[in-house]
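Written out below as structure tokens is the structure these notes cover.
Protein chains: 4
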Amino acid sequence: MQEAKRSGGAPAAGGGTDAGTEKPRRRQARGERRIAQLLDAAANVFCTTGYTAASTNSIAREAGVSPGTLYQFFPNKEAIAIELGDQLLRRWRETYGQAFLPVHTSLPLAELLDAVLDPLIEFNQANPAFAVLMQGSDIPGHARLQHEKLNTGLVERTEEILAGYLPDAPPAEVARTANTIFAIFKAGLGLILTHEGAERDAYTKELKTVLHRYLSPLVGEAGC
Amino acid sequence: MQEAKRSGGAPAAGGGTDAGTEKPRRRQARGERRIAQLLDAAANVFCTTGYTAASTNSIAREAGVSPGTLYQFFPNKEAIAIELGDQLLRRWRETYGQAFLPVHTSLPLAELLDAVLDPLIEFNQANPAFAVLMQGSDIPGHARLQHEKLNTGLVERTEEILAGYLPDAPPAEVARTANTIFAIFKAGLGLILTHEGAERDAYTKELKTVLHRYLSPLVGEAGC
Amino acid sequence: MQEAKRSGGAPAAGGGTDAGTEKPRRRQARGERRIAQLLDAAANVFCTTGYTAASTNSIAREAGVSPGTLYQFFPNKEAIAIELGDQLLRRWRETYGQAFLPVHTSLPLAELLDAVLDPLIEFNQANPAFAVLMQGSDIPGHARLQHEKLNTGLVERTEEILAGYLPDAPPAEVARTANTIFAIFKAGLGLILTHEGAERDAYTKELKTVLHRYLSPLVGEAGC
Amino acid sequence: MQEAKRSGGAPAAGGGTDAGTEKPRRRQARGERRIAQLLDAAANVFCTTGYTAASTNSIAREAGVSPGTLYQFFPNKEAIAIELGDQLLRRWRETYGQAFLPVHTSLPLAELLDAVLDPLIEFNQANPAFAVLMQGSDIPGHARLQHEKLNTGLVERTEEILAGYLPDAPPAEVARTANTIFAIFKAGLGLILTHEGAERDAYTKELKTVLHRYLSPLVGEAGC
DNA sequence: GATGAATGAGGATTCATTCAT
DNA sequence: TATGAATGAATCCTCATTCAT
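Chains as they are written, first to last, in my numbering: chain A, 39 to 262; chain B, 39 to 262; chain C, 39 to 262; chain D, 39 to 262.
As structure tokens, then:
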């Protein structure tokens, strides 16, 4: 689950390929594991109780470590959320990120939506904390977390794709459209994640329908 | 500071205007005022800090009463949120509710959307706590609050209207569509409330566009 | 020990002499008692462990109340020290303060020293926390506490008396002399309070000797 | 940052000059360096935050080593303070100590004071931790640290000098006088170290004045 | 009904110290 | 030796809730 970073290599001292950059760590094998444990635990707790109600003690307990251990790796609760967001975004990019580059060339809208949404939804199902942090209507002073990292990343990506389809639209309008798309996506994602089985699929389809109908006039496709 | 309301008066019984229907709760006028004070304060505090971070003490302070007084009217924090939701829903119905009944007859979609959304948005601007409680991504065990009251109320209303337009659709589909509409509405409302001036208007328009494009095929109108 | 504030009067509502000024309190009889208890406890704990090592929980425990109760009256540890300092200074002034006014007229130095030091030493023996707060080499950011309250009060008083004796000295020099006197006093007080019986008396005498010899040339008295 | 002093020369034992007595601790050169590092760091931290508020972790961090390393050389925080006091006293003796032996022969008081105080003040300016540990009004159970080491050392030295001047005084009185002198010195030192430039010099002079006036009658000199 | 005092468990965070590597 | 991870009790402080007046 958390072993995504250093696949190969000796467990203690990181092989020999990039010797030199590894000096200031050393005994961090254990530490890295702990960090992963803690982030996992935080993801669970954030999903279960939300950010505000999540206590650092409960995260530590969930991770099976003492409170002090948590604070050896994170200076406070916010830092945990930030690092978790970063990690999820990184993981997202590593997992699906590359697939996006070719996407926005000039696919038909329906296929574009499939290509973009399916991986996102899949990733959110596998990492429900992602949605929690994106939504983040819980996190005090959340603009920092939300817009600087998770959302900005995705909104900007949306803007880029959008700009490819709407080269003539004024940037403010593109931004507004991207925000709207993203808000709709989050709303639909909420419905998808709170349903299961056939209903979940139906809501997935519905989300695509909404976005297709919203966007087809913009990109000059027949929506009817 | 806090004893400003204890005018004179007998401890148990006061006026006499509405005797008859209201007999056993005469001197509850004071109580009603207290409740209104407290709910107002709660609305402010919930908007400012969110539900979880709002403390009952801060609500009492904001209301200018003591913590003990708060607990004379509400058994716990959750009850405050529930009652606030009820009150807002009641207020909503009192203010705009009647106007809805005739609405869903057979207006063109665009006008229906105006007729439904404009009051809702207006009401949410005036009562931002409404949005907070609707969104409610803060409130632990929120399904109870959300779906039992605010949302259900509005979603059901949406379903009713929708059913008027789609008499042949299976109920499950109507429900799903209503949920989708409502989710989109909340998402758009979030954008609207977090922007101001021209941007706010633009997002309002965008929300209507989204819904119009989503719904026009359903209701058999030309959307293109 | 802490009943110095409202000697006479009914326990609950403070007699009738100053009716009118008592409104905004009401149930604070209990509260005042608690505050006194807490300040007493703080005095003990500060004396025993010093400011930094004193924990708010230990103060509450010493006072026989829960931590929460402490925080109903004091926002934090510093506030306790400040209020304790204020209370001690107030008590000092109430107890001996008036006696000082006539003092500095034109007593012979030896008698002035007796008149000033004996009450101060006596008061410090009765209220050892006074010395702790004066010394205050413990309290972080202590300039606020020390110089604004306890010390300033006494140093200024020293300056005034001194200025009476040295009308021609430049103010900077008077200030320096006052600081020196006060520092010597605190040093001597430390010795006095850490000894007992005959030794204590001997150190008291020694302190007076030091100050007498230091000051007699200044005030134009034969010191030899 | 912290290894700035290890210029040439082994500080205590290292080198090779006195081989023979030091045989079994060859490779302790590293250890000595570590200890010096740690004590330096402790001195800084104690000066900055005081003993109680200084954390062993912060000392280790300031020294650029891990907490575990610190505990390889010191069993606990108190031991660090004790060893630091010892080291400072040793350093004091190495630097100025010898000069004292001839001092107390029979200098005039004013010159004696210069001869004793100037180096002490200078040393304290260079090693502010010395004053912190001497004062030590922070250190819980400080009698141990204070009187067993720093202070005793200096007080005893004062007693010796004093006894040279007052051969007929009873020892208890000599001890009391020495304590008084030392207390005055510490008080004056506090004033000196908290002022700068001309004020610092003025307070230095004032301290000498105080002591001169206090002592001249004792040693049979004309103080007027 | 109203007040404000009282509670104590729980929150985030730190710290002296120990342990595995 | 040195490291840095680990601990858990203790720190300050808050909070929902209750109680005496």
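Glycine included, every Cβ here is placed at the ideal spot set by N, Cα and C.
| Asked | Found |
| --- | --- |
| Counting only C-beta atoms, is D152 (chain A) closer than 7 Å to chain B at any point? | no |
| Is there contact between the region 100-116 of chain B and the region 150-163 of chain B, where contact requires at least three CB pairs shorter than 8 Å? | no |
| Contact check, G88 (chain B) vs T90 (chain A) under 8 Å by CB: the rounded distance? | 7 Å |
| Could you tell me whether the Cβ of I222 (chain A) comes closer than 7 Å to any Cβ of chain B? | yes |
| Determine contact between the region 250-257 of chain A and the region 237-251 of chain B, defined as no fewer than three beta-carbon pairs at a distance below 8 Å. | yes |
| Which residue wins for smallest C-alpha separation from G202 (chain C), given the options C:A74, C:E70, C:A92 and C:L150? | C:L150 |
| Just the C-alpha distance for S104 (chain A) and D78 (chain A), rounded to the nearest angstrom, thanks. | 15 Å |
| Please classify A67 (chain B) as buried or exposed, where buried requires at least 16 neighbouring CB atoms within 10 angstroms. | exposed |
| Using a Cβ-Cβ distance cut-off of 7 Å, determine whether L229 (chain A) contacts chain B. | yes |
| A225 (chain C) and A225 (chain D) - do their beta-carbons sit closer together than 7 Å? | yes |
| If distances are taken between C-alpha atoms only, which option among A:V193, A:N95, A:A236 and A:K115 comes closest to A210 (chain B)? | A:A236 |
| Just tell me which of D:I97, D:N95 and D:L229 has its CA closest to the CA of Q173 (chain C). | D:L229 |
| Could one say the Cβ of E194 (chain A) lies closer than 7 Å to chain B's Cβ atoms, at least one of them? | no |
| Do you know offhand how far E121 (chain A)'s Cα is from R131 (chain A)'s? | 15 Å |
| Using beta-carbon positions only, say whether L231 (chain B) and L188 (chain B) come within less than 7 Å of one another. | no |
| For G123 (chain B), does the count of other Cβ atoms within 10 angstroms reach 16, so buried, or fall short, so exposed? | buried |
| Can you have a look at E244 (chain C) and say buried or exposed, based on whether 16 or more other CB atoms are within 10 angstroms of its CB? | buried |
| Could you list which residues in chain D have their beta carbon closer than 7 Å to that of T242 (chain C), in chain order? | Simply none; closest approach about 11 Å. |
| Can you name, in chain order, every residue of its own chain whose Cβ lies under 8 Å from the Cβ of Q75 (chain A), other than the five neighbours on each side? | Q40, A101, G102 and V103 |
| With 16 as the cutoff for other CB atoms within 10 Å, does A117 (chain A) come out buried or exposed? | exposed |
| Just to confirm, are V212 (chain C) and L227 (chain C) a CB contact at a threshold of 7 Å? | no |
| Alpha carbon to alpha carbon, how far is T242 (chain A) from L204 (chain A)? Give it in angstroms, no decimals. | 25 Å |
| So A91 (chain B) contacts chain A; which residues on that side make the cut at Cβ distance below 8 Å? | T90 and P178 |
| Label S93 (chain C) either buried or exposed according to how many other C-beta atoms from any shown protein chain fall within 10 Å of its C-beta, with 16 as the threshold for buried. | exposed |
| Would a check of beta-carbon distances place A236 (chain D) closer than 7 Å to chain C? | no |
| Runs of 4 residues minimum, wholly inside the region 156-211 of chain D: which ones carry the alpha helix (DSSP H) assignment? | 166-173, 180-183 and 189-203 |
| Excluding the five sequence neighbours on either side, which residues of its own chain have a C-beta within less than 7 Å of the C-beta of E197 (chain D), listed in chain order? | V212, A213 and A216 |
| State yes or no: is the beta carbon of A117 (chain D) nearer than 7 Å to at least one beta carbon in chain C? | no |
| Any C-beta of chain A sitting closer than 7 Å to the C-beta of S104 (chain B)? | no |
| Counting contacts by CB-CB distance shorter than 7 Å, is Y252 (chain D) in contact with chain C? | yes |
| Would you mind working out which of B:G69, B:D239, B:F220 and B:A119 sits nearest H180 (chain B), comparing C-alpha positions? | B:A119 |
| Any idea what DSSP makes of P255 (chain D), helix, strand or coil? | coil |
| For S175 (chain C), would you say it is in contact with chain D, using Cβ-to-Cβ distances shorter than 7 Å as the test? | yes |
| Since V83 (chain C) and I73 (chain C) should fall inside the 8 Å C-beta cutoff, what is the C-beta to C-beta distance between them, to a whole number of angstroms? | At roughly 15 Å, the Cβ-Cβ gap does not stay under 8 Å, so V83 (chain C) and I73 (chain C) are not in contact. |
| With a threshold of 7 Å between beta carbons, is T218 (chain B) in contact with chain A? | yes |
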